[in-house]
Every structure is written in C-alpha cells, then in structure tokens.
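4 protein chains.
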Amino acid sequence: MKIEGLKHTGTPRNHFASDNNSPAHPAVMEAILDANRGHALAYGDDYYTERASKLLKETFGTSCDPFFVYTGTGANTLCVSALARSYNAVICSENAHLNSAECGAPEKFAGVKLYTVPSSSGKITFSDVEAFLSYRGNQHYSQPRVISLTQASDLGICYSVEEVRQLCDFAHANNMYVHMDGARIYNACAALGVSLKEMTADAGLDALSLGGTKNGLLGSEAVIFFRPELAEGFQYIRKQGMQLASKMRFLAVQMEALLTDGLWLNNARHANYMARLLKEELDGIPGLEVTRPVQTNMVYCIIPLKAVEEIRRRYLFYIFDENRSEARLVTNYDTAAEDVAGFAETARKAMTGLF
Amino acid sequence: MKIEGLKHTGTPRNHFASDNNSPAHPAVMEAILDANRGHALAYGDDYYTERASKLLKETFGTSCDPFFVYTGTGANTLCVSALARSYNAVICSENAHLNSAECGAPEKFAGVKLYTVPSSSGKITFSDVEAFLSYRGNQHYSQPRVISLTQASDLGICYSVEEVRQLCDFAHANNMYVHMDGARIYNACAALGVSLKEMTADAGLDALSLGGTKNGLLGSEAVIFFRPELAEGFQYIRKQGMQLASKMRFLAVQMEALLTDGLWLNNARHANYMARLLKEELDGIPGLEVTRPVQTNMVYCIIPLKAVEEIRRRYLFYIFDENRSEARLVTNYDTAAEDVAGFAETARKAMTGLF
Amino acid sequence: MKIEGLKHTGTPRNHFASDNNSPAHPAVMEAILDANRGHALAYGDDYYTERASKLLKETFGTSCDPFFVYTGTGANTLCVSALARSYNAVICSENAHLNSAECGAPEKFAGVKLYTVPSSSGKITFSDVEAFLSYRGNQHYSQPRVISLTQASDLGICYSVEEVRQLCDFAHANNMYVHMDGARIYNACAALGVSLKEMTADAGLDALSLGGTKNGLLGSEAVIFFRPELAEGFQYIRKQGMQLASKMRFLAVQMEALLTDGLWLNNARHANYMARLLKEELDGIPGLEVTRPVQTNMVYCIIPLKAVEEIRRRYLFYIFDENRSEARLVTNYDTAAEDVAGFAETARKAMTGLF
Amino acid sequence: MKIEGLKHTGTPRNHFASDNNSPAHPAVMEAILDANRGHALAYGDDYYTERASKLLKETFGTSCDPFFVYTGTGANTLCVSALARSYNAVICSENAHLNSAECGAPEKFAGVKLYTVPSSSGKITFSDVEAFLSYRGNQHYSQPRVISLTQASDLGICYSVEEVRQLCDFAHANNMYVHMDGARIYNACAALGVSLKEMTADAGLDALSLGGTKNGLLGSEAVIFFRPELAEGFQYIRKQGMQLASKMRFLAVQMEALLTDGLWLNNARHANYMARLLKEELDGIPGLEVTRPVQTNMVYCIIPLKAVEEIRRRYLFYIFDENRSEARLVTNYDTAAEDVAGFAETARKAMTGLF
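Protein sequence lines, in the order shown, are assigned to chains A, B, C and D. So in the working numbering, spot 320 of the first sequence is number 320, and the numbers just go up one at a time. Numbers given in the working numbering equal positions in the second sequence, counted from 1, plus 1000. Numbers given in the working numbering equal positions in the third sequence, counted from 1, plus 2000. Numbers given in the working numbering equal positions in the fourth sequence, counted from 1, plus 3000.
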C-alpha cells in the first residue's frame, strides 16, 4: 500500500484513510479521566487492571488469560513468541498484517519463518495449511506450528465461526495452534451477529490479538490466551518484548470501556453500516468499480487515477493496488452519513470532470 | 527489589513506591483531550507529531532527531539496537535499569552483551570503561561500542554536565557512543540547574532515552539522536521493535505538554524538594538511617523490618535491599508536603512502638 | 523435497541423492594429513590459514576478504547478517536454499525478512527485484537491501556473467548489495567456461558464500567479501554465529586444495559431464521425461512411482516434486560412467517391467 | 586473555598456548580416512553416525540423546537454546567460557541473559545460585532457569561428582536445569578417576556440551541430552543454529574414535600428567609462582614480563592476567616430557638472566 502523495490537510476532518486516524471515543476518554486519580501500583498490579481483566474474562470465558499491550504489532508478535519456538513456522495469508505490515517483527523477535498462502480474500483454509504438513520432521524446514487468521481479513472479509472452528479442529488434530489477529474482530462479530466469545473461545481458538485502537480507543490492545499453559511465562515475554506498560491502568480502562454497554458493538456496527452505505453510493457512480465484497468497514474500489487526485484534495484514503488504481476506503465509528455523502458527491464530480 | 507483601490498598493515595504510580498531570490530560478531535494521519504523519517534534528540536538542538515510543524499556533497547551491532557490548552500571530491570530486552532484541560495572552510586567513570578496551580486536569478545549512563542513576545520583562531557569525549576518542537513559533526566537537570540541552546535546551525547511517564505523563517516552546518521533507519527499528504508535498524536502531545511552560522543570523540582523534605524528616527519627545522598527524588533509608510492616499499612514503598532492610522512597510531582509529614509521623510512631 | 522411504543401504556406493553424499577427494585428504603436524595457533592465526587466504585472494581478487566457515547455511546466514540490518529484506528465489532449506536461520540470526520470487529456473531478474522497491521508505515494510542469487540455482540453472553483472549494476544503482550463494558456483563456472573471479569480483558481486563440501571437500566453506567495508566486524559475526573453527587450519587447507591445480574445475567438469551423460541415457528411455535444462550436475526427471521404488533398491535419489513424481538426480566428482550406465540400465528395466 | 604479541613461529612445535593448537590424534585421522569411502547419506542419516551415536549412548547411558555439532560455542549456545526461553537467565561463573569467550553468542541466539557469579576457581555453588531465586516471579527480571557448569573450569579446577549431584538436586528442586560445558570433561574425569557417565547422567545432569577438539580431535563436539523431552526439536535448533553437518559421518567417527579403547582417557591423563610435571618444574624456579591448584591440564603461573618475552621466543603461551603477569600454560595429549623440560629450562634461563 503506497502512501506517496498522501498529505495531511491540517484541518481535522473525517477521512477514509484508516481506522487508526479517528480520535478516541468520548466514553473511552471518560474512562481514562476517571482512572486518572491518585496513585495506583504500576505494571498491572492495580485495581483498574484487575477490574478490566475480570471483564475480559467474563467476555471471553473465565478460563482465559488476558494481557494488555500497546500495539497490534506487539500483540501479534508476542503471541507468536508464546506459541512457537524459533524453528517453527506460522502459516498465514500473504496479505495478513503479520506478514505484510510488521516490518519483520515476528521474524526478528520470535525468530520464526512465515509460510504464506496467496489469497484473494485474505482468508486461508485448512487445505492451504495441509500443504505444509509435508515439512514435518524434515530438519531443513521450519516446522509448521501456528495458523494465524486475520479476522476480519485485511481485505475486509470475515471467517464464519464454523470456518474458525474447522481450522481450530484441524490445527489441534495436527499438533498446531490457532492464533487470531483480531484487530478488526469487532467488525467481524458485528457483521456476523455473533459474540466475541462465540468467535474465539467457543470456536476453539488458542490465542487472540484483541484489537481496540481501530475501534475507538486511544491506544490499547490485548493478548488473550484460551489455554492456561500458553499464558505461562507470557508476562516475561511482554516485558522483554517492550510492551509492559508502567501506568497499566490507562490501557486497562480503555479496553474496559470498549467492552462495557456494548460500545464495541455499536462502534463496529456503525462503521460497517457506513461502509455498506459507501458501497451503495459508489456502485451508483459510473466508472467506479467496487472490487470486493463489503462485509465489514472496508470498501475496495477502482478509481481512475485522475479522480483519485481530485478526491484526495478533500478526503484522504490509500491506494491499495497501484497497478489497477484500486483504492481502500475505511469507515470508522465516527464516520458520519454526511462524510459518506460528501465523499460520494466528490467522487461523482471527479468522475464527471466537474472539477 | 522485592515487591512481595506490597498490596494495593484500594484507596488511591499518594505513595512513595514509584514515580510510575502517579496519575497524569492535569496539563497533560488537557493536551490529550485537545488532540482528541477529528481525524489525524496515523503513525506519526500528523500535525500534532510534527508540532511536538519541532518543540523537541527547539529544546534539544535543531540537529537532533526525535522519535516517540511507548516505554522506557523500548527507548533503551531500541537505542542500543541503533547504536550497536549484535557483536557489540554496552557498558553500564550493574544497577542500570538497562541491566537490572528490562528482563533481558537489550540482549534479546539487540543481541548485544552488557558489560556491567559495580557502582555504589549507579554512575560509571571512564576508567571503568577503559578496562574493557583491552577486548578490542579479540574475536572472542563482544566489542565495546556503547556507554550507557543512567541520569539520574537508579540510586538517585546525578552525573554533572562535566562528567557526561568527559565520558562523551572519552567515548568518541575511542570510537564509541554514549547513550543516556534519561528516565529521570528531568530530576537531574532540576537538581543541577542546567537545561536539557546542556545536559545532552551540548555535552556531546549521541543518543537519549527521554523519559516522561515518571514525570507526570500518562505514558510517552522518546528516543533522540544527536547525530543525523544514527537516526537513519530508526523508523524501521521502531516499527520492528513494536514501538510505533498508530495514533501517534497522543504520544506526541504528552511530551509537548511536558516541555511547555517549564512543566517538566516544575514537576521535577517539586519532586526533588519533597525528597529533601522527606530526608530531613527521616534524619530526625532515631533508628532510621538515610543511606545515600538525596540529590533527586529518591530517598534510600534503612527502616527496621517491624517498622516497615507498620508503615506499609498506610504508605506503599519498596524494599531495595532485603538484607539490610533498606527502603527506597520515591517522591513525585504530586507528592504533597502533607504526604511527607504523614509518612514521617507514621514512621516515627512505628519506630517508637506507638502502634 | 521428501526423504521418506529413502534408506541407507549399508553398502557404500555411488548414488545420485546429493553432492553431499560423496567422500572427500583424495587430494583434499592429503592436504588435511599434511596439515596435521605439530602445533598451530588456533582460530585462524596460523600459517595454513594465512597461506590459504592468500590463494583465495589470488583467485578472487587481491582486494577481497575471505573467511572460512563450516557450513553453507552458516555462510549464507552470516553474509546476510553482514550485509543487512534486521529491518532489511533479502530478495531471493522462492526455491533458493536460503529460503527453502535453512530452517529459518536467516530470519532467526539476521532478523531479516525474505521477499521471495516464484521462479521455474531458480533464477531471479532485476525486474523481480524492482517490484519491491516501492516498499522503500515505508516504515511498515522490511526494507529491500540484499539480492541473493544462487549459482547454480537449486534447479541446476546458471546465471551468465552478464546476468550477474546486470543484477549487480541494478543493485548498486539502488543502494543494494548482491550476495551469491555459491554452493555450486564451481559447476556453474565449469559449465560457462569462466573463471571464479570473472563470475564474482569482476561481475561486481559484493559477497559470496563459496561452497566446497559439495565439490569434494570433507567439510569447508568460505565467505568472501569484495568490498573491504563489508568485511569489517565480520570476524565477530562469525564467532557470534558459532562458525569460528578452533583448528582453522583444517578448514583452510581443504579450500586450498580445491583451488590448487584446477581441482575445483576438474571436479565440477566431471560432475557436469556425468549429468549430461545421464540426461542422454534417460532421454532414451520411453516413459521418462527430463524436465529441466541440464546445465550443471543435476538432472530432473519424471519417473513413474513404481519405477522409483524399483530403482531406489539400487540407487538412492530424492523426489523433488511428489505431485508429479519428479526426481532430482545429482552427479558428483566421483560419479563414474559405470554408475550412470548402471542407473540407466536399472531405470530401463524398471520402466519395462523387467523386475 | 590478551594475545597481543603472540606471533606464529612458522615452525610447528609443541606449545603451551592452547589445547586447540595440537593436531588431530593419529587414531582420529585413521577413523576419518576409514570413513572416507563411498557415498553416505548426508545430514546424519548415515551408517557412521548411527554407529557413533550408539557408542555415545553406551558411554553416557542408553536413554540419552546425542547430536554432533562443529564447535564448543555452538554446543553451549544451542544447549541454552534448548533449555531456556529467551526471558530466562543462565547462571554461570564469571569466567565461564559461555560468558567470557563466546562473543555474546548465547545472548544473540538464545536471547537469554547471563547471571554471572564471581569465582576464583571458576566453579559455582548452589548458594551462588540461590541468590537469584528471589527474582522468581518478578516480571522485570530474566527468570533463572539454567545453571551452567564448566568442567573442568576455565581455571583448570574440577567439580567433584558429589558437587555436580548437589547442584543438580538443587536445580531440579527449584525447577531448573543443569548444563555442563564439558570442553575439558575428559581432563576432569581423568583427574578424578570417574567415568563420563558417573560425571554426567549418574549425577543427574540435564544437558552436556561434550568436547572433543581440545582432546585430540580434528574438530567435532557433541550435545547430549539426558532427558528425552529436552531433545525434542533439537534437530531443528541445530539446523537453524548453523551446526548441522552435511557430511556428518566425519564428525561422528572422530567422536567414536575418541570414545574407543579409552583414547579419551589416555589423552586426558597424559595431558594432566604433563601439567603436573610442568608445575613441579616451575615450582623449582625462583621468582616464578604457580598461582592455582593444578588438577587438570592447565598451569597458571606468574612470570615476570621480561621473562615472558624471552620464553615466548621459543614457546607460545597466553597471559591470562596482564596486571599481575599471570600466564596460562596448557598441556595437551601430545605434550612430550621433553617439551616440559625444554620449557622449564628456558624459563630458568630467562629468570636467571642467562639470555
């Protein structure tokens, strides 16, 4: 994904560049302010972290072990470090964030190799994984040990609960673990109408990178293990992985706010809805072509280069595939119907040469 | 440092356990709230980060390169990664945070070896470093390349500007770099009455881990390089090191707030003053023994075990040296004179068996 | 490449499984015996290593820096470590040994990511590399820095000197380095009728993993840098990489023997010739299909599964592609014309159901 | 240990610099020559490796798992990698080879931290280890997991079987493993009159770096695990650690030769005896001071600098401690009584100013 030519406008405005561009949700800011009183023990030994951890256990299943971390790259990389030895391989989609946008963090920190699978949806199937089982026992090959799913995929497509379960069953039958990169798990659950627990613990998942920052947090993610033995020693991995927050309470209360009163669901539903709205608008503009199913909060659309330039004067977004001028448009919890309408109008004008 | 037996009280109160236990300063919260409006490009390409970076350059010298990161462990480890190859060694005090409390992050991530120097003050001298120069050119030894200073040291003692300059001169004359772990650089500068620039760029420093979280931030640190060539490629080290913030603006504005209107100095001065006050109080209590010079915001004091237990019912603090029951008492920007008086009174009662 | 079902026969015999299966050439054993007299300084400070290094400099160019190591995996991985930082990427063919058969050593030790290019010949072109230049400057992507060529490729195909030069020119114009995995460089040079220097230093190469074990040595490889600045610090990389031999003389004299009196060329020529002979024989057997050009010492051939089983009772070899029953037959310096004839006869019988 | 000033003489001669300076024992060369016939499967799937592994199992206990590797640094580092996670620490003597002369290989490859213990004998006791147990459960500290003993220590001193057993019992009672760096285990067993099995498996050891090169091999070491679960996956660690030999048979038969007909014991006994002889000679020279007990094949002796220079014209050796001009003199399986007498005579002359 190239960002060349994408400049900051100076004026805050709702864009379609990334769900990382939105501010923190007011309820999240409230929670932070509320926690900003008096002293609290550092590094997670505080009341807020205890309370938030309890909520995570209620949400994801009482036998799970949650750990707060700063970044999605951190969550993914440290999960891999917990699940794999350095001679292991992680199998994932070619366009999984883990492979395509972590600057080699898993390779560097966990020492593993990634076996990547080409995928137009960003999803992988157990037959993709099966192909790598022939490496088992051959000392020249990194040994397959972890399957990493991105939910929703970086192309906005969801695994069904059943698909996750099948992959977990396959993995466990073959002495492997399943990790889910859940940077956008909220959008997937909202789209499929299932709970976070149904999508993870109940489907047999082993470890989850639980997003947050992309769904309205200031900056907080979590790692969740669904088998106690996998969490053993993870506190040290987190510290050695530079992801242990001293003032942990501020990570904890953000996630707590997100999981309280259905904020995560409302945010994700709204973003998803705005994406569908945007798709419908774009479908109606001659010369534009929505290229992929719109299941969550991303719309992929071929926009002629000249129009891209015009639209970008008002709305920021990225080009996903330069070769065919395919744009990625991301909606957020704070995308307004007016933003969608405004984008559509701008695009229509750009396409009809009205500028 | 053992934390056994140290429990959270449930009631927020100003303790003496750590400068990481204090909340964010109101001005810092203001800055965060102020930045929480509208969309901003992620990963540092935003207006706030640009503005804050400019302020850091004004503060530390226009030719420096600042990078925001999440944690002190991250700042230290990534600095080492930038300054050293894996076959290099970093020379530091035995009780430097880098050695004693990073769970091996520098070894793991940068691959380096630490050559440690025993030091009762937590400071090292160039003659400590000199001893390792005999390893030069011997392929069996990790090659000395970085000197890491902790300012103020983990024992609360400051390097003078002149001492820093001497170490930098020595280092540069010997093809080495000097890194400063500035988790408490503010307290040191406040104590010595020198500016941040005088303590770093002007003294010849190569790289700085600039603290923040210990001096009133919610959670934000920075890495600053004082030679452009050292910053080359650091953006990738930061990303691969899992320290690249997606909503970077929130790290940036915290640091900006700290460096605005002398907040850093006021906070540090106050904490230092409270430490001196505390020392004076403790000096007046028979049976207690302040064990180290009080230059910054830490007071080390031998407190008999029985009294420790009594005092801890009201005030949290850590025991630094179990063997001689030496406590570490840390003051903060939010430590009130009443807190000090309350602690002293409690200690006096505990020592005189009034409980 | 599966090895399942491939058992050792107990009787030493000339097989077609691998050029690693052959013994050391008599001249190499002579050299080892000759060096096995009296004391010699360890770790490379000895007379033999000095003498062999001198010969390598004569062979590859006086400004090159040679280092002896134990294994090809070591040579490749340590070269990458010398040429790249951990946030860099190495671009290579999908079936390069570096990617397919090092059990993740480059990722683990150098921390890098491999960007792989599908290739039916095992070779890559500069347009393959060009595609990755768009990642430049994007902090989320491992930065392309090294192009690694396998000469001859793992499929037995050679880069011409001109192709190597073009890749080097392209690399240098784009601030990249070119590394050559020369495990079978001898076979390539013999096939193309060019000298080792013409293929490497003269073509602009930056670093070479110089094979040896596959061309008649007991076990010795070398790393050669063609720019002095790249060799800086490599002695420490080698030691930290566990490839520093204490009794270095025994690695040195092997390589010296190989480069003396054209032994490398005679060995490689012979192996290549046997491969051509084998190809001709196989071409004459109905039902077999030689699948790839035979330029060096490898013949790829589709052999029906039933025949594979029959032939393997007499001659060991590997199946490269299980799906289409494509065998890889490797000839050696010690493959005799009788071995080829014997194999062909066995194959003919197996194909005509004579067993 | 400085090597400055130590030049190669050009004439092979028996020196006292290192047991790595001696050639391979004739019986070892015979074994290599014997194995150098015909093809053998690569990477350890051959007859010779099977046979040698069987002998190792007979020698060290049938439930052990042996793996051949190239170097002592490799054996040590890969053992640590097998026994520890990167957030673990290895406890060893300050002057253990693992700490002092591996150029940071354990830190780099296993990611661990070394907790070192000052020791004038090079040995550590369980009370040294006990001090680190207070780090248990503190997420800021690398967690103690492996105790590494050097047998004989780098200062030539032996652990008794009982001392090893006590350390193993202590370790196992505290959820730790014991690794032995057995680069000179032969000299220790010879000195103590115990078998290799008594010193290792029977004493409760978990993993052993079995030396060889220092006791008459051309170049071959082994890793032995005494609990099957520790060997799981080690083949991949070895490969990723660049220590998998393609022509494995040549490593295997060397070790086999050493363990056949008591060669290891004869070699070690002889070297030890020569050291005692040397000590007696040096004791008789006024002005020289043997500084440490001579239990194995090393004699430490203070020799005035001027005499050092004189003696070094004839006999190579290293200065262990420059400050007090303490030399390290190492005897070998091939040290002749004449060498000792010659050295003593030279030293006597040097001391009496006869040169």
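Ideal placement from N, C-alpha and C gives every residue a C-beta, glycine not left out.
Looking at the unbroken beta strand (DSSP E) that takes in residue i, where does it start and where does it end?
i: residue 3148/D; result: 3143–3150
i: residue 2328/C; result: 2326–2330
i: residue 209/A; result: 207–210
i: residue 1070/B; result: Counting along the chain, residue 1070/B falls outside any beta strand (DSSP E), and DSSP gives it neither H nor E.
i: residue 3321/D; result: 3318–3321
Use the C-beta contact count for residue i: other C-beta atoms within 10 angstroms, 16 or more gives buried, fewer gives exposed.
i: residue 3334/D; result: buried
i: residue 1283/B; result: exposed
i: residue 1106/B; result: buried
i: residue 3014/D; result: buried
i: residue 1352/B; result: exposed
i: residue 3221/D; result: buried
i: residue 40/A; result: buried
i: residue 2338/C; result: exposed
i: residue 1359/B; result: Since the first residue of chain B shown is 1001 and the last is 1355, residue 1359/B is not available in this structure.
i: residue 2042/C; result: buried
i: residue 2023/C; result: buried
Could you say which of the options lies nearest to residue i if we only look at CA atoms?
i: residue 1034/B; options: 328/A, 218/A, 321/A, 271/A; result: 218/A
i: residue 230/A; options: 43/A, 45/A, 66/A; result: 66/A
i: residue 3244/D; options: 3122/D, 3021/D, 3049/D; result: 3049/D
i: residue 2253/C; options: 2073/C, 2311/C, 2030/C, 2023/C; result: 2030/C
i: residue 1262/B; options: 1241/B, 1196/B, 1039/B; result: 1196/B
i: residue 1299/B; options: 1168/B, 1249/B, 1344/B; result: 1344/B
i: residue 3098/D; options: 3126/D, 3130/D, 3146/D, 3287/D; result: 3146/D
i: residue 191/A; options: 82/A, 23/A, 159/A, 135/A; result: 159/A
i: residue 214/A; options: 1202/B, 1246/B, 1209/B; result: 1246/B
Taking the straight line between their C-alpha atoms, what separation do you get for residue i and residue j?
i: residue 2076/C; j: residue 3085/D; result: 26 angstroms
i: residue 3059/D; j: residue 3104/D; result: 32 angstroms
i: residue 2017/C; j: residue 2329/C; result: 6 angstroms
i: residue 1108/B; j: residue 313/A; result: 45 angstroms
i: residue 1186/B; j: residue 1087/B; result: 33 angstroms
i: residue 2054/C; j: residue 173/A; result: 57 angstroms
i: residue 1164/B; j: residue 1150/B; result: 11 angstroms
i: residue 1072/B; j: residue 3026/D; result: 58 angstroms
i: residue 2199/C; j: residue 3234/D; result: 38 angstroms
i: residue 232/A; j: residue 3144/D; result: 15 angstroms
i: residue 3258/D; j: residue 3188/D; result: 16 angstroms
i: residue 1212/B; j: residue 1184/B; result: 8 angstroms
Give the range of the alpha helix (DSSP H) segment to which residue i is assigned.
i: residue 3298/D; result: Residue 3298/D -> not in any alpha helix (DSSP H); beta strand (DSSP E) instead, spanning 3298–3302.
i: residue 2223/C; result: Taken as a continuous stretch (DSSP letters only), residue 2223/C belongs to no alpha helix (DSSP H), being part of the beta strand (DSSP E) at 2221–2225.
i: residue 2250/C; result: 2249–2258
i: residue 1309/B; result: 1305–1312
i: residue 3342/D; result: 3337–3351
i: residue 2269/C; result: 2263–2283
i: residue 2231/C; result: 2228–2231
Report whether the distance from the Cβ of residue i to the nearest heavy atom of the ligand MN is below 7 angstroms.
i: residue 3177/D; result: This structure simply doesn't include the ligand MN, nor any ligand for that matter.
* To do: Could you pull out every unbroken alpha helix (DSSP H) segment of at least 4 residues lying fully inside the region 112–191 of chain A, listed in chain order?
  => Those alpha helix (DSSP H) runs which fall completely within the region 112–191 of chain A and span 4+ residues are 126–130, 161–173.
* Tell me the start and end of each unbroken alpha helix (DSSP H) in the region 2031–2114 of chain C that is at least 4 residues and wholly inside, in chain order. => Runs of the alpha helix (DSSP H) inside the region 2031–2114 of chain C: 2047–2060, 2072–2083, 2097–2100.
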